[in-house]
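Quick note on numbering: the sequence shown equals residues 1022 to 1599 in the working numbering.
Don't be surprised by glycine CBs; every beta carbon is placed ideally from N, CA and C.
Report on the structure given below.
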Amino acid sequence: MKKFFILLVLIGSIAVQGYTQPTAFVTIENPRISGSQFYFDVYFERTNDDAGWYNFFAPGIAALGNSSWWFGLNTGALSNPALVYENPTYLQGRYTNLININLGKIALTTTLSAAPPHLPLNTMFHAYTIRCDITSATLQSLVVWDQLNTGLVTFNPGAISVTESYLTSGCDIVLNHKCWDGSVDTDWSNVNNWSPSGIPVFTDDVIYPNNPTNELSVFNTIATHKLGVVNNLRINHFGEMHILANMGLTVNGITSLYGDTNLVLDATTAPISDSIYSSAFIPIGGINYSAYSIEDGHIEVHRTLDFASTASGYYMHQVAAPVSGVLLDDWDMAVLNTYAFEWRTASQTWYNIYAPSRSTPPGYGFVISLGGQAPSTRDLVFTDNLVLTDQVINFDAIAFGENALIGNPYVAPIDWDLMLVGQSNISTTCYVWNPLGDSYVTYVAGTGGHLSAKRIQPGQSFFIDATGPVSSFSIDLADRVAYVEPYMKEGGYPYLLNLSTDGGNGSSEEIYIRFKEGEGVTPAYDQVHDGMHKVSEHVNFVTELYTVTSDGVDLAVDARPMLVGDDVSVPLHFKPIE
1022 MKKFFILLVL
1032 IGSIAVQGYT
1042 QPTAFVTIEN
1052 PRISGSQFYF
1062 DVYFERTNDD
1072 AGWYNFFAPG
1082 IAALGNSSWW
1092 FGLNTGALSN
1102 PALVYENPTY
1112 LQGRYTNLIN
1122 INLGKIALTT
1132 TLSAAPPHLP
1142 LNTMFHAYTI
1152 RCDITSATLQ
1162 SLVVWDQLNT
1172 GLVTFNPGAI
1182 SVTESYLTSG
1192 CDIVLNHKCW
1202 DGSVDTDWSN
1212 VNNWSPSGIP
1222 VFTDDVIYPN
1232 NPTNELSVFN
1242 TIATHKLGVV
1252 NNLRINHFGE
1262 MHILANMGLT
1272 VNGITSLYGD
1282 TNLVLDATTA
1292 PISDSIYSSA
1302 FIPIGGINYS
1312 AYSIEDGHIE
1322 VHRTLDFAST
1332 ASGYYMHQVA
1342 APVSGVLLDD
1352 WDMAVLNTYA
1362 FEWRTASQTW
1372 YNIYAPSRST
1382 PPGYGFVISL
1392 GGQAPSTRDL
1402 VFTDNLVLTD
1412 QVINFDAIAF
1422 GENALIGNPY
1432 VAPIDWDLML
1442 VGQSNISTTC
1452 YVWNPLGDSY
1462 VTYVAGTGGH
1472 LSAKRIQPGQ
1482 SFFIDATGPV
1492 SSFSIDLADR
1502 VAYVEPYMKE
1512 GGYPYLLNLS
1522 TDGGNGSSEE
1532 IYIRFKEGEG
1542 VTPAYDQVHD
1552 GMHKVSEHVN
1562 FVTELYTVTS
1572 DGVDLAVDAR
1582 PMLVGDDVSV
1592 PLHFKPIE
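What follows is the structure in structure tokens.
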């Protein structure tokens, strides 16, 4: 694997008639360590055919003559630079080369003799190999190109303009990085897919190159949650790294995107189900989209909307933008012939929204619905602008028993139990629309319920209930979770009984009964422990299933006092489709 450092050098024009500015690329290639010595090679490539590269009338600046190249390497870690291989020595030594450390930088100076002919720069040729001694025994095992390089400072001060372009595409050769080479297969958890060998841990910096043998596609056996945690992440030039559905990755440090790179956060076409279906990405230390100074890298966030046929004639998704700066038109409504609706908290009713330029900001939940059309699937792509701050979602005030529709603003699931901490006048119940069953799934903090209403996915909106006057809801970065779990199994919440129905027209509904200890757990409705049944938006076309409390409240999650040996009757309501 090679690593490149490209410098676009613009050589200043001079007052000579007919002279135009010549340009060249200078490529620093193949940085390497051998014992206590650090090496790199220098190449030159001209980018035009200007006569200035072979100018008899301007011998002072023709081609490479009388030029100083200053490399901003960390000279505190290096000393005694030397030219191992010198070129050009064009036409019996018409160039002389000198290398030293000057003003804390490694300076390479080429001087052209006064007499012509001057160097006609070839298309590409090897000019120099430079060697430096590594002065620290610790750095001999840890030194990396990134640590040494701070960029080219200048070239021929006062006469030359330099634009730095740091290009690295392959794997580094150092020990404190883990570079994905995919030499065996596509599995993150295969130790032999990494150079050096070993699965990255939270202290490792990870490099993803542009040309691995196999692209990463599975996390496979990383714990049971299909996640990785690393220190820093770097995607090299032209690389494209995918975090696939059901995968999670946390980056504790900086995520650096070099030029023309993509980090792709995938989704799947599957509707909400017993398994989490989106990817999870948590960049704790932030994102540097401009790690390459000329061209930015990008992050693609995919959200797949699957519209199927339903008896109600309407198939809807309750959605939220996973990045900032998204307009209603970005949801491809014109292409899909879909409709959009928002939940007006003041009137507690749905309201049609249609302006393409309307903003759908982070945390704003709304509905996209397909009615009377053929089934279709659409992969929506949102680019960059990931939300990396705590969010406060404001809405018109609601009172006890009323609700608001809000959305997940991040590209990772958010945990309902974590979100509840610090909220005021918010019920412990969360509702998420299940488009496959034409019904809501419910989760109650501390009691249990459907996993998909506990961990709300990227691009998903959800309903919250008020227990008193409230006009905002806070979602913090700390509420993100990068792991996924299977459908809630016995042992997660003891004594949790799950009942479900598969009704006509493909509809379905689930309820949960939990026998638990705790103050306030009674056969009547307890707003802390119970979750009310939320009626389907297509109630006439679906089955309904819920329990009924002793005071006549319909529940989807019903907490009952702990069983003590006596038989207990729990009223159960079932309504078939009309």
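Q: Leaving out five residues on either side along the sequence, give the residues of the same chain with a beta carbon under 6 Å from the beta carbon of Ile-1308.
A: As a first step, residue 1308 is located in the sequence shown; it is residue number 287 there, counting from the start. So the list reads Thr-1276, once near-sequence residues are dropped.
Q: Say whether the region 1383-1393 touches the region 1281-1288, bearing in mind that this needs 3 or more beta-carbon pairs closer than 8 Å, one atom from each stretch.
A: no
Q | Member of Asp-1206, Gly-1219, Thr-1234, Cys-1200 whose CA lies at the smallest distance from the CA of Ile-1228 | A | Taking the sequence shown and counting its residues from 1, one reaches residue 1228 at position 207. Nearest option by C-alpha distance: Cys-1200.
Q) In the DSSP assignment, what residue or residues form a beta bridge with Asp-1575? A) The sequence position of residue 1575 within the sequence shown is 554, counting from 1. Val-1569.
Q | Complete runs of the alpha helix (DSSP H) confined to the region 1409-1470 [at least 4 residues] | A | 1437-1441
Q. Does the pairing of the region 1445-1453 with the region 1485-1503 give three or more beta-carbon distances under 8 Å?
A. yes
Q | Where Thr-1553 falls: helix, strand or coil (DSSP) | A | One-based indexing of the sequence shown puts residue 1553 at position 532. Here residue 1553 turns out to be Met, not Thr, going by the sequence shown. Three-state result, Met-1553: strand.
Q. Ala-1361 lies in the beta strand (DSSP E); which residues open and close that run?
A. Within the sequence shown, residue 1361 is the residue found at index 340, counting from 1. Looking at the DSSP string, the run of the beta strand (DSSP E) that includes Ala-1361 is 1360-1365.
(Q) I'd like the list of long-range same chain contacts for Pro-1383, defined as Cβ closer than 7 Å, with 5 residues on each side in sequence excluded. (A) Reading the sequence shown from its first residue, position 362 is the one you call residue 1383. Once the five neighbours on either side are set aside, the close Cβ partners of Pro-1383 are Ala-1342, Ser-1345, Val-1408, Gln-1412, Pro-1430.
Q. Trp-1215 by DSSP, collapsed to three states: which one?
A. Position 194 of the sequence shown, counted from the start, is the residue given in the question as residue 1215. Three-state DSSP puts Trp-1215 in a strand.
Q | First through last residue of the beta strand (DSSP E) which encompasses Met-1262 | A | Stepping through the sequence shown from its first residue, residue 1262 is reached at position 241. Run containing Met-1262: 1261-1264, per the beta strand (DSSP E) assignment.
(Q) According to DSSP, simplified to helix, strand and coil, what is Trp-1091? (A) Counting from 1 along the sequence shown, the entry for residue 1091 is found at position 70. Trp-1091: strand per DSSP, three-state reduction.
Q) The alpha helix (DSSP H) with Ala-1355 in it runs from where to where? A) To locate residue 1355, count along the sequence shown from 1; it is residue 334. Element bounds for Ala-1355: 1354-1357.
Q. Is the beta carbon of Gly-1249 less than 7 Å from the beta carbon of Gly-1274?
A. Reading the sequence shown from its first residue, position 228 is the one you call residue 1249. Reading the sequence shown from its first residue, position 253 is the one you call residue 1274. Taking 7 Å as the Cβ cut-off, Gly-1249 and Gly-1274 do not qualify as a contacting pair.
Q. Ends of the beta strand (DSSP E) at Thr-1404?
A. Your numbering for residue 1404 matches position 383 in the sequence shown. Residues 1397-1404.
Q. Would you report the Cα separation of Leu-1410 and Gly-1428, rounded to the nearest angstrom?
A. Position 389 of the sequence shown, counted from the start, is the residue given in the question as residue 1410. Position 407 of the sequence shown, counted from the start, is the residue given in the question as residue 1428. Just to set this straight, residue 1410 is Thr in the shown sequence, not Leu. So the two alpha carbons sit approximately 15 Å from each other.
Q) When you compare each of Leu-1457, Tyr-1452, Gly-1573 to Ala-1474 by their alpha carbons, which one comes out closest? A) Sequence index remark: in the sequence shown, residue 1474 carries index 453 (1-based). Closest by alpha carbon: Tyr-1452.
Q: Please report how far the alpha carbon of Ala-1036 lies from the alpha carbon of Thr-1131, in whole angstroms.
A: The residue given as residue 1036 occupies position 15 in the sequence shown. The residue given as residue 1131 occupies position 110 in the sequence shown. Unreliable placement is indicated for Ala-1036, whose pLDDT of 31 sits below 50; the coordinate value is still reported in the next sentence. The alpha-carbon atoms of Ala-1036 and Thr-1131 are separated by roughly 22 Å.
Q: Report the partner residues of Lys-1475 according to the DSSP bridge assignment.
A: For the purposes of this step, residue 1475 is taken as residue 454 along the sequence shown, with counting starting at 1. DSSP output for Lys-1475 lists no bridge partner at all.
Q | Beta-carbon proximity list for Phe-1595, same chain, < 8 Å, skipping 5 on both sides | A | Position 574 of the sequence shown, counted from the start, is the residue given in the question as residue 1595. Closer than 8 Å at Cβ, skipping near neighbours: Thr-1522, Thr-1564, Glu-1565, Leu-1566.
Q) Would Arg-1476 be called buried (16 or more neighbouring beta carbons within 10 Å of its own) or exposed? A) Here the question's residue 1476 lines up with position 455 in the sequence shown. Classification for Arg-1476: buried.
Q: Find the nearest neighbour of Asp-1438 within the set Arg-1399, Asp-1459, Pro-1544, Asp-1500, judged by alpha-carbon distance.
A: Sequence index remark: in the sequence shown, residue 1438 carries index 417 (1-based). When each option's Cα is compared against that of Asp-1438, the closest is Asp-1500.
Q: Determine the direct distance from the alpha carbon of Ser-1378 to that of Asp-1353, and round the result to whole angstroms.
A: Translated into the one-based positions of the sequence shown, residue 1353 becomes position 332. Translated into the one-based positions of the sequence shown, residue 1378 becomes position 357. Each residue's Cα considered, the two are about 12 Å apart.
(Q) Out of Asp-1350, Ser-1238, Leu-1576, Phe-1562, which one is the CA nearest neighbour of Pro-1597? (A) By 1-based counting over the sequence shown, the position of residue 1597 is 576. Nearest option by C-alpha distance: Phe-1562.
Q | 6 Å CB neighbourhood of Ile-1293 in its chain, flanking five on each side removed | A | Position 272 of the sequence shown, counted from the start, is the residue given in the question as residue 1293. Reliability of the predicted coordinates at Ile-1293 is poor, the pLDDT of 42 falling under 50, and no value is obtained from them.
Q) What separation, rounded to the nearest whole angstrom, lies between the Cα atoms of Ala-1301 and Leu-1237? A) Here residue 1301 corresponds to residue number 280 of the sequence shown, with the count starting at 1. Here residue 1237 corresponds to residue number 216 of the sequence shown, with the count starting at 1. Cα-Cα distance, rounded: 15 Å.
Q. So what's Phe-1600 in DSSP terms, helix, strand or just coil?
A. Here the chain covers residues 1022 to 1599 and nothing more, so residue 1600 does not appear.
Q: Specify the secondary structure class of Phe-1562 as computed by DSSP and reduced to three states.
A: Walking along the sequence shown from the start, residue 1562 turns up at place 541. In the structure shown, Phe-1562 sits in a helix (DSSP, three-state: H, G or I).
(Q) By DSSP's criteria, Ala-1487 is part of a beta bridge. Which residues make up the other side? (A) Your numbering for residue 1487 matches position 466 in the sequence shown. DSSP, once it has assigned bridges, lists Ile-1447 as partnering Ala-1487.
Q: Since I believe Val-1569 is in contact with Arg-1581 (beta carbons under 8 Å), could you give me their beta-carbon distance rounded to a whole number of angstroms?
A: In the sequence shown, the residue the question calls residue 1581 occupies position 560. In the sequence shown, the residue the question calls residue 1569 occupies position 548. Contact flag wrong, Cβ pair sits at about 12 Å.
Q) What residue does the beta strand (DSSP E) around Leu-1284 start on, and which one ends it? A) Here the question's residue 1284 lines up with position 263 in the sequence shown. Note, Leu-1284: beta strand (DSSP E), 1283-1286.
(Q) Using the three-state DSSP reduction, which class does Leu-1349 fall into: helix, strand or coil? (A) In the sequence shown, residue 1349 corresponds to position 328, counting from 1. Note: Leu-1349 maps to helix in three-state DSSP.
Q) From Asp-1588 to His-1554, what does the alpha carbon distance come to, in whole angstroms? A) Here residue 1588 is taken as the residue at index 567 of the sequence shown, counted from 1. Here residue 1554 is taken as the residue at index 533 of the sequence shown, counted from 1. Straight-line Cα distance between these residues: approximately 25 Å.
Q) With C-beta atoms as the reference, is Gly-1260 less than 7 Å away from Thr-1282? A) To locate residue 1260, count along the sequence shown from 1; it is residue 239. To locate residue 1282, count along the sequence shown from 1; it is residue 261. Closer than 7 Å, so yes.
Q: Assign Asp-1226 to buried or exposed, taking buried as 16 or more other Cβ atoms, counted over all protein chains shown, within 10 Å of its Cβ.
A: Numbered from its first residue, the sequence shown carries residue 1226 at position 205. Asp-1226 is buried by the Cβ-count criterion.
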